[in-house]
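These notes concern the structure reproduced below.
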Amino acid sequence: MADYKDKDTYQFVGEVNQINPTSLKAAIADGYIPVLTCMAESEDGQVLNVNADKAAAELARALVPLKIVYLSEKGGIHDKETGKLIEAINLDEEYDEYMKKPWVIHGTRSKIRDIKTLLDDLPRSSSVAIIHPEALERELFTHSGAGTLIRRGTKLQQASSLAEFEDVSKLKQTLVRDREGFDSAAVVDRYLESLNTRSFRAYFDENMEALAIVLPPTDSSKLAQLATLTMTRSAWLSNIADNVFQNLKRDFPKLAWTVKQDDENLTWFSEKADGSIARRGEVLFWYGIESPEEVRELMSEFVQHGRQMFGDINLESQLHRAAAAAERIRAGAANLMGNRPQQDKQQARGFSTSARPARPSVTSAITQKRGYATTNPNPPLGIKNSDKDYPSKVALIGARGYTGQALIDLLNRHPNFDLCHVSSRELAGQKLKGYERKEIIYENLSPDDVRKMAENKEIDCWVMALPNGVCKPFVDAIDESGHKEALIVDLSADYRFDSNWTYGLPELVQRGKIASANRISNPGCYATAAQLGIAPLIPHLAPQPAQPTVFGLSGYSGAGTKPSPKNDVQNLTNNLIPYSLTDHIHEREISSQLGQDVAFIPHVAVWFQGIHHTISLPLAEKMVSRDVRQLYQDRYHGEKLVAVRGESPLVKNIAGKHGVEIGGFAVHSGGKRAVVNVTIDNLLKGAATQCLQNMNLALGYAEYEGIPLE
Numbered sequence: 048m049a050d051y052k053d054k055d056t057y058q059f060v061g062e063v064n065q066i067n068p069t070s071l072k073a074a075i076a077d078g079y080i081p082v083l084t085c086m087a088e089s090e091d092g093q094v095l096n097v098n099a100d101k102a103a104a105e106l107a108r109a110l111v112p113l114k115i116v117y118l119s120e121k122g123g124i125h126d127k128e129t130g131k132l133i134e135a136i137n138l139d140e141e142y143d144e145y146m147k148k149p150w151v152i153h154g155t156r157s158k159i160r161d162i163k164t165l166l167d168d169l170p171r172s173s174s175v176a177i178i179h180p181e182a183l184e185r186e187l188f189t190h191s192g193a194g195t196l197i198r199r200g201t202k203l204q205q206a207s208s209l210a211e212f213e214d215v216s217k218l219k220q221t222l223v224r225d226r227e228g229f230d231s232a233a234v235v236d237r238y239l240e241s242l243n244t245r246s247f248r249a250y251f252d253e254n255m256e257a258l259a260i261v262l263p264p265t266d267s268s269k270l271a272q273l274a275t276l277t278m279t280r281s282a283w284l285s286n287i288a289d290n291v292f293q294n295l296k297r298d299f300p301k302l303a304w305t306v307k308q309d310d311e312n313l314t315w316f317s318e319k320a321d322g323s324i325a326r327r328g329e330v331l332f333w334y335g336i337e338s339p340e341e342v343r344e345l346m347s348e349f350v351q352h353g354r355q356m357f358g359d360i361n362l363e364s365q366l367h368r369a370a371a372a373a374e375r376i377r378a379g380a381a382n383l384m385g386n387r388p389q390q391d392k393q394q395a396r397g398f399s400t401s402a403r404p405a406r407p408s409v410t411s412a413i414t415q416k417r418g419y420a421t422t423n424p425n426p427p428l429g430i431k432n433s434d435k436d437y438p439s440k441v442a443l444i445g446a447r448g449y450t451g452q453a454l455i456d457l458l459n460r461h462p463n464f465d466l467c468h469v470s471s472r473e474l475a476g477q478k479l480k481g482y483e484r485k486e487i488i489y490e491n492l493s494p495d496d497v498r499k500m501a502e503n504k505e506i507d508c509w510v511m512a513l514p515n516g517v518c519k520p521f522v523d524a525i526d527e528s529g530h531k532e533a534l535i536v537d538l539s540a541d542y543r544f545d546s547n548w549t550y551g552l553p554e555l556v557q558r559g560k561i562a563s564a565n566r567i568s569n570p571g572c573y574a575t576a577a578q579l580g581i582a583p584l585i586p587h588l589a590p591q592p593a594q595p596t597v598f599g600l601s602g603y604s605g606a607g608t609k610p611s612p613k614n615d616v617q618n619l620t621n622n623l624i625p626y627s628l629t630d631h632i633h634e635r636e637i638s639s640q641l642g643q644d645v646a647f648i649p650h651v652a653v654w655f656q657g658i659h660h661t662i663s664l665p666l667a668e669k670m671v672s673r674d675v676r677q678l679y680q681d682r683y684h685g686e687k688l689v690a691v692r693g694e695s696p697l698v699k700n701i702a703g704k705h706g707v708e709i710g711g712f713a714v715h716s717g718g719k720r721a722v723v724n725v726t727i728d729n730l731l732k733g734a735a736t737q738c739l740q741n742m743n744l745a746l747g748y749a750e751y752e753g754i755p756l757e
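To convert, count from 1 in the sequence shown and add 47; that's our numbering.
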């Protein structure tokens, strides 16, 4: 049942006010799977449309399920700062922390908040999983699941000294709990004494159902070590164990630990690890080690020394050694008594698990994990960035130029951007051409006009398409309005060197940083192509004063609409015009962003739009063309707007295209100099398309929404 939400405003939209679970339970009891639409009846029998998430939440409150599954094309919630899938969120411990994150905005914020409200009304054992439809079977029928799991969890406490534990005797009881071996209490006492002399971090819940003690990395090793982990059966069943490991992965990027090979939770440990190796009844697990050399060294040490490779820091090792010593004492006593069969019987119950050493076997973590890997360190967010299902209002300041017109064309196709105001002093009063969704008349907005609009929060995104040095009064007006949430994207060079602004080149700047920004400086067209053409080789460049040289050639649209020799077609015919041969602002921009001095030599040619770069790159070590090309293919893997090709790209093929093409990849016969070609449309990926990409990221839409992809 539902009530009208607001009949005058929304007409046939309702809010759920009552659930009748009787028919649902009867259908389930008869072996049917009920499939419901997002419809509900009002008291007078009118069918109303209701919000799917809210309807599902009300059903869950009535049915009290163990798990609620949300199907999403994004496959879960992704951290926009890292681009990685979030495997689990424990609300009791992490809710406030997530609400403070700059990227938790729009739909993501409301979804997490609504799920918390729902789970607060359900038993602690209930959880919500957000998964891709293809992963439904894995979520329902496997231990590892899929997507993002959200649960209330258990709030964990931390301690880095024994004095921080409220009850040390309870800590001792927890460490002795379920431990085998002779004189366990004395071993635990010695273990705690040793913790007074070294750094550690402990994680535990209020009732000590779970306890983990980690020794952080040292100067000699970057690998943290899980010294002890103890869980009650209740802790395993209530997922406190998952909560503990989530904290460990957050605080310790690299961790290793050992487990007995007959441990009943071995599969669970495998899922938490990136790899493992077994030896004589023991298994070494690790995560976060990316270097093959580090992995081989770790495995070799474990094969030689077993868990003793960690020295005396491991409580289990100390307990097992005490148990083995006690066993030897009992065996010796039995031998003195001439009771050989009894000795054999006692030894059969000792710690050693196998008469024949187990063959070392290397396994990687189970593949059914809530994540993915890529050679691109900053992969596209794509649809994972989409957490907003309503339009944003846009104002364009300075729309007379070629870039402004290109952006208007893109906004006309975008399903979620509502262009509300277009300002141009020269075109004020004329009808905007190229925007078909509604009639817009050019205005001549002053900074005071902009301030008033910002104070009233009329606009979600301001795009400054003004010449260099002009937009500051408008930006200051928005800043003074107090509307801090408003996004400003500046297409000029005015803020490209301002650390308070985010540089908007998504392929090279962390996308999560752009997604949480509200002041974005759009890169220059020359600079975008040059940076993308140089970045993969930065670690392989010869040391300064050697530097890359960029020979840039642009169509005359890059010279703007105001008449000049650089956009005079007659002057350009059968001609090439060099300009600003040193100290061009793009030279400074490229060098600043890459952290590498670059020489930039721009020219203008007779075609209208499109840029060609020929980039010469001095190499520190000898390389071959194939290896250079592979570096670029790996770095831009998955990028929708960067194409890496074997042949040199042609400028006539890039005009009207929304991406960048990189190719050529020639290497001098001496192997110490590479040459790369790059093409870009200066009006699209060099300006308008890049602006739209940044707007999508910062306003919570799919990264490439509204951008034509080939």
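The C-beta atom is built at its ideal place from N, Cα and C for all residues, glycine as well.
{"Check": "Contact set for Lys519: own chain, Cβ-Cβ below 7 Å, skip 5 residues either direction", "Outcome": "Asp541"}
{"Check": "Cβ-based burial, Asp352 [other Cβ within 10 Å; buried from 16]", "Outcome": "According to the sequence as given, residue 352 is His; it is not Asp. Exposed, by the Cβ-count rule."}
{"Check": "Ala395, buried or exposed, once every other Cβ within 10 Å from all chains shown has been counted against 16", "Outcome": "With a pLDDT of 37 at Ala395, under the threshold of 50, the predicted position of this residue should be treated as unreliable, though the coordinate-derived value follows. With fewer than 16 Cβ atoms within 10 Å of its Cβ, Ala395 is classed as exposed."}
{"Check": "Range covered by the beta strand (DSSP E) that runs through Glu88", "Outcome": "86 to 88"}
{"Check": "Cβ pair count under 8 Å reaching 3, the stretch 613 to 629 against the stretch 659 to 666", "Outcome": "no"}
{"Check": "Endpoints, beta strand (DSSP E) assigned at Tyr117", "Outcome": "114 to 118"}
{"Check": "Given Glu532 as reference, the closest of Gly516, Leu443, Asn565 once Cα atoms are compared", "Outcome": "Asn565"}
{"Check": "Presumed contact (8 Å Cβ cut-off) between Leu457 and Leu443, rounded CB distance", "Outcome": "About 11 Å separates the two Cβ atoms, so there is no contact after all."}
{"Check": "Inter-stretch contact at 8 Å, needing at least 3 Cβ pairs: the stretch 49 to 69 / the stretch 83 to 92", "Outcome": "yes"}
{"Check": "Simplified DSSP state of Gly599, which is helix, strand or coil", "Outcome": "strand"}
{"Check": "Endpoints, the beta strand (DSSP E) within which Ser174 is located", "Outcome": "174 to 178"}
{"Check": "Check whether Leu588 and Ala475 have beta carbons under 8 Å apart", "Outcome": "no"}
{"Check": "Distance between Lys431 and Gly154 (C-alpha atoms, nearest Å)", "Outcome": "12 Å"}
{"Check": "Length at least 4, wholly inside the stretch 519 to 567: the alpha helix (DSSP H) runs in chain order", "Outcome": "519 to 528, 558 to 562"}
{"Check": "According to DSSP, residues forming a beta bridge with Leu302", "Outcome": "Ala271, Tyr334"}
{"Check": "Pro696 burial status per 10 Å Cβ neighbour count (16 or more: buried)", "Outcome": "buried"}
{"Check": "Lys764 - partner residues in DSSP beta bridges", "Outcome": "In the structure displayed, the chain extends from 48 to 757; residue 764 sits before or after that span and is not available."}
{"Check": "Same chain only: Cβ atoms within 8 Å of Gln293, ignoring 5 sequence neighbours per side", "Outcome": "Glu134, Ala135, Asn137"}
{"Check": "Option in Glu636, Asn618, Pro649 with minimal Cα separation from Pro625", "Outcome": "Pro649"}
{"Check": "Every unbroken beta strand (DSSP E) inside the stretch 183 to 242 [3 residues or more]", "Outcome": "195 to 198, 204 to 206"}
{"Check": "Neighbourhood of Ser246 by C-beta distance below 8 Å, restricted to the same chain and skipping five residues each side", "Outcome": "Ser207, Leu262, Pro263"}
{"Check": "Rounded separation between Lys392 and Asp214 - CA only", "Outcome": "Note on Lys392: pLDDT 42, under 50, position unreliable in the model; the coordinate value appears next. Near 40 Å, if we compare the C-alpha coordinates of Asp214 and Lys392."}
{"Check": "Leu187 beta carbon less than 8 Å from that of Glu140", "Outcome": "no"}
{"Check": "Through-space distance from Lys147 to Lys732, alpha-carbon basis", "Outcome": "33 Å"}
{"Check": "Reduced DSSP secondary structure (H/G/I, E/B, other) of Gly516", "Outcome": "coil"}
{"Check": "Close Cβ partners of Pro300 (< 6 Å) along its chain, the five nearest in sequence each way excluded", "Outcome": "Gly335"}
{"Check": "Nearest candidate by alpha-carbon position, reference Gly194, set Lys121, Leu242, Ser70, Asn423", "Outcome": "Lys121"}
{"Check": "Met511 - partner residues in DSSP beta bridges", "Outcome": "Ile444, Asp537"}
{"Check": "For Met511 and Thr450, the rounded distance between their alpha carbons", "Outcome": "11 Å"}
{"Check": "Proximal residues to Thr726 (C-beta, below 6 Å), its chain only, five neighbours per side dropped", "Outcome": "His659, Pro696, Val698, Ile701, Glu708"}
{"Check": "Residue interval of the alpha helix (DSSP H) (run including Phe708)", "Outcome": "Note on identity: in this sequence residue 708 is Glu, with Phe being the wrong assignment. Note, Glu708: premise wrong, no alpha helix (DSSP H); beta strand (DSSP E) at 707 to 714."}
{"Check": "Collapsed DSSP secondary structure at His631 in the structure displayed", "Outcome": "coil"}
{"Check": "Contacting residues, own chain, Cβ-Cβ under 8 Å from Glu636 (five flanking each side not counted)", "Outcome": "Ala540, Arg543, Phe544, Pro570, Gly571, Ala574"}
{"Check": "Given Pro426 as reference, the closest of Leu258, Asn459, His684 once Cα atoms are compared", "Outcome": "His684"}
{"Check": "Three-state secondary structure assigned by DSSP to Met255", "Outcome": "coil"}
{"Check": "Validate contact between the stretch 626 to 645 and the stretch 588 to 604 using beta carbons, cut 8 Å, 3 pairs", "Outcome": "yes"}
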